[in-house]
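Single-structure report; data block below.
2 protein chains.
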Amino acid sequence: MKRIDRTGAMIKILTEHPSRLYPLSYFTELFGAAKSTISEDIAIARRILEQFDQGEIVTLAGAAGGVKYVPRVSQKALKGFQDEMCRRMSDKNRVLTGGFLFTSDLMFNPQVAKQAGRIFATKFLEAGADYVVTIETKGISLAVMTADALNLPLVVMRRESKISEGSTLSVNYISGFSDQIQKMSVSKKSLMPGTRAIIIDDFMRGGGSASGMVEMLGELDVSVVGIGVLIATTRPQIKRVSEYFPILYLDKSEELEKGIRILPNESLLT
Amino acid sequence: MKRIDRTGAMIKILTEHPSRLYPLSYFTELFGAAKSTISEDIAIARRILEQFDQGEIVTLAGAAGGVKYVPRVSQKALKGFQDEMCRRMSDKNRVLTGGFLFTSDLMFNPQVAKQAGRIFATKFLEAGADYVVTIETKGISLAVMTADALNLPLVVMRRESKISEGSTLSVNYISGFSDQIQKMSVSKKSLMPGTRAIIIDDFMRGGGSASGMVEMLGELDVSVVGIGVLIATTRPQIKRVSEYFPILYLDKSEELEKGIRILPNESLLT
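So the sequence lines, in the order shown, correspond to chains L and X. For the first sequence, the positions run 30 to 299 when the numbering used here is used. For the second sequence, the positions run 30 to 299 when the numbering used here is used.
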């Protein structure tokens, strides 16, 4: 087998399973090649991805070592995504009665979700999370893509407890839209105590859902090591959670021509 | 730039955006190479993926032509996935009170969802769909991965109509779990009349949700060109929709040791 075949196949296999560590023996067996040959292949694959701003290939030495693809997003790629989202979300037709912004098409768009997921993964790469957690419904595609990028399981909290979830734990929280008390629940089987989680959601206004998820995770003895949202409103400035990372800000003001303005979070990855 | 760099980068770019057609000029510009050189690169990339059962690279000739990656799943890969799912789902601890099967961890597992999505995409590759449609909540990760594999937008029907959805259309349907009448709604903005959709869901018992989605899509003048579910029960044998494609069957019987049995759909891709 030629080097071009090995590096091409290696790039496909690694990038399809982001953050999954492959022992070098996986590739020595697959390609029937020596370890030194595979190490050279890896160096070439790394250089190719680097050259085209396509993320990183990382090698870990030692017995538990191996090679993995880290879908790290560059500042340049982040800015490109933010600019495109600002443009697409600023369409006047998106503003609904009551000043709400129609975003479902974007939140469920697979390519949007995939890139947002990689951005969250880049932000929380070093957080040592064991789970990605979200609450139904609009954040699920972002959360599953984040979980994919970090090679983590996804846990989805429900607004009602379902019979197909088995024993569940429930907490009450204050919904930002209605300012009413709502309930969220999660299967007890879903999360192991003593672990760490990242919370991902589509939208944050008051931070009520995020704060509810933090409380729920606390009840299950799971620490929250990061909160990422695609859009956070600029007001209220004080939210029910203290640290959160939006990709975009939504500024709502009657003084603005369209009533709203979408801005990038310029300090997200700095 | 060397051939090994071009084919490696090409594989990364194409496989990351499945089913998206790239004009040859995209690569001639990116690599600063002649069209004939790029055509040779494509042939090599195609051979590499073929060799490792990693999907297809397809070229379309003509002015509107180009090159795309089709994440076609082979019979062998399908069988591997089905066997693994049967094994993981047959765990006795998954059987809940009332005979329900706990599957949330698998449905939201990114790698499971990704492979299921590619299987549905392979099944419906020629269906000419414009949308992938699902209903919240447990089918969303499968549906977004199917949409990603087919390069289509995803539309998620809601169980309640939300203020952030704008004008919505609602239909009533009979829920299989409760045999009660429930309501689903979707934003009118989400789907264009005269188009075609694939329905993806996690589970089918009576076919009530699927039949509700078919009715809803009919109201919006959208034709259904395929229905895929990860699991369908063997009973009732007659469902509320006539044609549907499960990856797995769930057979429930008191005569079985565990009360349930998970079986592969052996004719799915034949």
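Think of the CB as a built atom: it goes at the ideal place given N, C-alpha and C, for glycine as much as any other residue. All of these numbers come straight from a predicted model, not from anything done at the bench.
Relative to the alpha-carbon of residue 288 of chain X, which residue among X:120, X:69, X:52 has its alpha-carbon at the smallest distance? Working through the second sequence from its first residue, we reach residue 288 of chain X at position 259. The candidate whose alpha carbon is nearest that of residue 288 of chain X is X:120.
Express the C-alpha separation of residue 86 of chain L and residue 163 of chain X in angstroms, rounding to a whole number. Here the question's residue 163 of chain X lines up with position 134 in the second sequence. Here the question's residue 86 of chain L lines up with position 57 in the first sequence. Near 35 Å, if we compare the C-alpha coordinates of residue 86 of chain L and residue 163 of chain X.
Below 7 Å between beta carbons is the criterion; list the residues of the stretch 98-116 of chain X that meet it against any residue of chain L, in chain order. When C-beta distances to chain L are compared with 7 Å, every residue of the stretch 98-116 of chain X stays at or above that value.
Which complete beta strand (DSSP E) runs does the stretch 145-211 of chain L hold, if anything under 3 residues is left out? DSSP runs (the beta strand (DSSP E)) wholly in the stretch 145-211 of chain L: 160-164, 183-186, 197-203.
Relative to the C-alpha of residue 280 of chain X, which candidate in X:47, X:183, X:129 has its C-alpha closest? Position 251 of the second sequence, counted from the first residue, corresponds to residue 280 of chain X. Of the listed residues, the one whose Cα sits closest to residue 280 of chain X is X:129.
With contact counted as at least three CB pairs below 8 Å, one residue from each stretch, are the stretch 181-189 of chain X and the stretch 96-108 of chain X in contact? no
Under the rule that 16 or more other beta-carbon atoms within 10 Å means buried, what is residue 72 of chain L, buried or exposed? Indexing the first sequence from 1 puts residue 72 of chain L at position 43. Classification for residue 72 of chain L: exposed.
Ordered along the chain, which non-local residues of its own chain (more than five positions away) have a Cβ less than 7 Å from that of residue 297 of chain X? Mapped onto the second sequence, residue 297 of chain X falls at position 268. Close CB contacts of residue 297 of chain X within its chain, under the 7 Å cut and outside five residues either way in sequence, are with 107, 152, 274, 276 (chain order).
Below 9 Å on C-beta distance, what does residue 61 of chain L contact in chain X? The residue given as residue 61 of chain L occupies position 32 in the first sequence. The premise fails here: residue 61 of chain L is roughly 13 Å from chain X at the closest Cβ pair, so nothing lies under 9 Å.
What do you reckon, are the CB atoms on residue 211 of chain L and residue 204 of chain L nearer than 9 Å? The count along the first sequence starts at 1 and reaches residue 211 of chain L at position 182. The count along the first sequence starts at 1 and reaches residue 204 of chain L at position 175. Going by C-beta atoms, residue 211 of chain L is nearer than 9 Å to residue 204 of chain L.
Beta-carbon contacts of residue 55 of chain L that lie in its chain and below 8 Å, excluding the five residues immediately before and after: Here residue 55 of chain L refers to the residue found at position 26 of the first sequence. Excluding sequence neighbours, residue 55 of chain L sits near 95.
From the DSSP output, in three-state form, read off residue 47 of chain X for me. For the purposes of this step, residue 47 of chain X is taken as the residue at position 18 of the second sequence. Three-state result, residue 47 of chain X: coil.
So the candidates are L:214, L:208, L:248, L:237; which of them puts its Cα closest to the Cα of residue 224 of chain L? As a first step, residue 224 of chain L is located in the first sequence; it is residue number 195 there, counting from the start. The residue with the shortest Cα to Cα distance from residue 224 of chain L is L:248.
Presumed contact (8 Å Cβ cut-off) between residue 202 of chain L and residue 237 of chain L, rounded CB distance: As a position in the first sequence, residue 202 of chain L is number 173, starting the count at 1. As a position in the first sequence, residue 237 of chain L is number 208, starting the count at 1. By a beta-carbon distance limit of 8 Å, residue 202 of chain L contacts residue 237 of chain L. Their separation comes to about 5 Å.
Contacting positions in the stretch 133-151 of chain L - beta carbon closer than 8 Å to chain X: When CB distances to chain X are screened at a threshold of 8 Å, the residues of the stretch 133-151 of chain L falling below it are 133, 134, 137, 138, 139, 140, 142, 143, in chain order.
What's the C-alpha gap between residue 267 of chain X and residue 232 of chain X? Position 238 of the second sequence holds residue 267 of chain X. Position 203 of the second sequence holds residue 232 of chain X. The straight-line gap from Cα to Cα measures roughly 15 Å.
Determine, using beta carbons only, whether residue 269 of chain L comes closer than 9 Å to chain X. Position 240 of the first sequence, counted from the first residue, corresponds to residue 269 of chain L. Contact of residue 269 of chain L with chain X is not assigned, every C-beta pair being separated by 9 Å or more.
Could you tell me which uninterrupted beta strand (DSSP E) segments, each at least 3 residues in length, are contained entirely in the stretch 249-287 of chain X, listed from first to last along the chain? 252-262, 274-281
Report yes if the CB atom of residue 74 of chain X is closer than 9 Å to the CB atom of residue 126 of chain X, and no otherwise. Walking along the second sequence from the start, residue 74 of chain X turns up at place 45. Walking along the second sequence from the start, residue 126 of chain X turns up at place 97. Taking the C-beta atoms as reference points, residue 126 of chain X is found no nearer than 9 Å to residue 74 of chain X.
Beta-carbon of residue 218 of chain X versus every beta-carbon of chain L: anything under 9 Å? The residue given as residue 218 of chain X occupies position 189 in the second sequence. At a cut-off of 9 Å between C-beta atoms, residue 218 of chain X counts as an interface residue with respect to chain L.
Please list the residues of the stretch 153-164 of chain X that have a C-beta atom closer than 8 Å to any C-beta atom in chain L, keeping them in chain order. none
Cutoff 9 Å: residue 235 of chain X Cβ touching any chain L Cβ: Position 206 of the second sequence, counting from 1, holds the residue named residue 235 of chain X. So, not an interface residue.
Please confirm if residue 56 of chain L has its CB atom under 9 Å from at least one CB of chain X. Locating residue 56 of chain L in the first sequence gives position 27, counting from the first residue. With 9 Å as the cut-off, residue 56 of chain L does not count as an interface residue toward chain X.
Going along chain X in order, which residues have a C-beta closer than 8 Å to the C-beta of residue 187 of chain L? On the first sequence, residue 187 of chain L is found 158 positions in, with the first residue counted as 1. Within 8 Å of the CB of residue 187 of chain L, the CB atoms of chain X belong to 166, in sequence order along the chain.
Are the Cβ atoms of residue 228 of chain L and residue 239 of chain L separated by less than 9 Å? Counted from its first residue, the first sequence places residue 228 of chain L at position 199. Counted from its first residue, the first sequence places residue 239 of chain L at position 210. Cβ distance < 9 Å, so residue 228 of chain L and residue 239 of chain L count as in contact.
Tell me which residues share the same chain as residue 43 of chain X and place their Cβ nearer than 6 Å to its Cβ, disregarding the 5 neighbours each side in the sequence. Along the second sequence, read from residue 1 onward, the residue named residue 43 of chain X stands at position 14. Taken in chain order, the residues that qualify are 98.
Inter-residue spacing [alpha-carbon to alpha-carbon] between residue 132 of chain X and residue 40 of chain X: Along the second sequence, read from residue 1 onward, the residue named residue 132 of chain X stands at position 103. Along the second sequence, read from residue 1 onward, the residue named residue 40 of chain X stands at position 11. Near 34 Å, if we compare the C-alpha coordinates of residue 40 of chain X and residue 132 of chain X.
Going along the chain, which residues of its own chain have a beta-carbon closer than 7 Å to the beta-carbon of residue 176 of chain X, five neighbours each way excluded? Here residue 176 of chain X refers to the residue found at position 147 of the second sequence. The answer, listed in chain order, is 161, 182, 183.
Cutting at 6 Å between CB atoms, please list the residues of its own chain near residue 196 of chain X, excluding the five before and the five after it. Position 167 of the second sequence, counted from the start, is the residue given in the question as residue 196 of chain X. Cβ within range, chain order: 217.
Name the one or two DSSP bridge partners that residue 292 of chain X has. If you number the second sequence from 1, residue 292 of chain X lands on position 263. Paired residues: X:278.
In the stretch 70-135 of chain L, which residue ranges form an unbroken alpha helix (DSSP H) of at least 4 residues, counting only runs that do not cross its ends? Whole alpha helix (DSSP H) segments, 4+ residues: 104-118.
If you drop the 5 nearest sequence neighbours on each side, which residues of the same chain put their C-beta closer than 6 Å to that of residue 179 of chain X? On the second sequence, position 150 is the one that residue 179 of chain X refers to. Around residue 179 of chain X: 48, 150.
Proximal residues to residue 147 of chain L (C-beta, below 6 Å), its chain only, five neighbours per side dropped: The count along the first sequence starts at 1 and reaches residue 147 of chain L at position 118. Around residue 147 of chain L: 100, 102, 178.
Looking at chain X, is there any beta carbon in it that lies within less than 9 Å of the beta carbon of residue 126 of chain L? The residue labelled residue 126 of chain L in the question sits at position 97 within the first sequence. Closer than 9 Å: yes.
According to the Cβ coordinates, are residue 38 of chain L and residue 78 of chain X closer than 9 Å? In the first sequence, counting from the first residue as 1, residue 38 of chain L sits at position 9. In the second sequence, counting from the first residue as 1, residue 78 of chain X sits at position 49. The answer is yes: Cβ separation under 9 Å.
What is the residue span of the beta strand (DSSP E) that residue 232 of chain X lies within? Start at 1 with the first residue of the second sequence, and residue 232 of chain X comes out as number 203. First-last of the beta strand (DSSP E) with residue 232 of chain X: 225-233.
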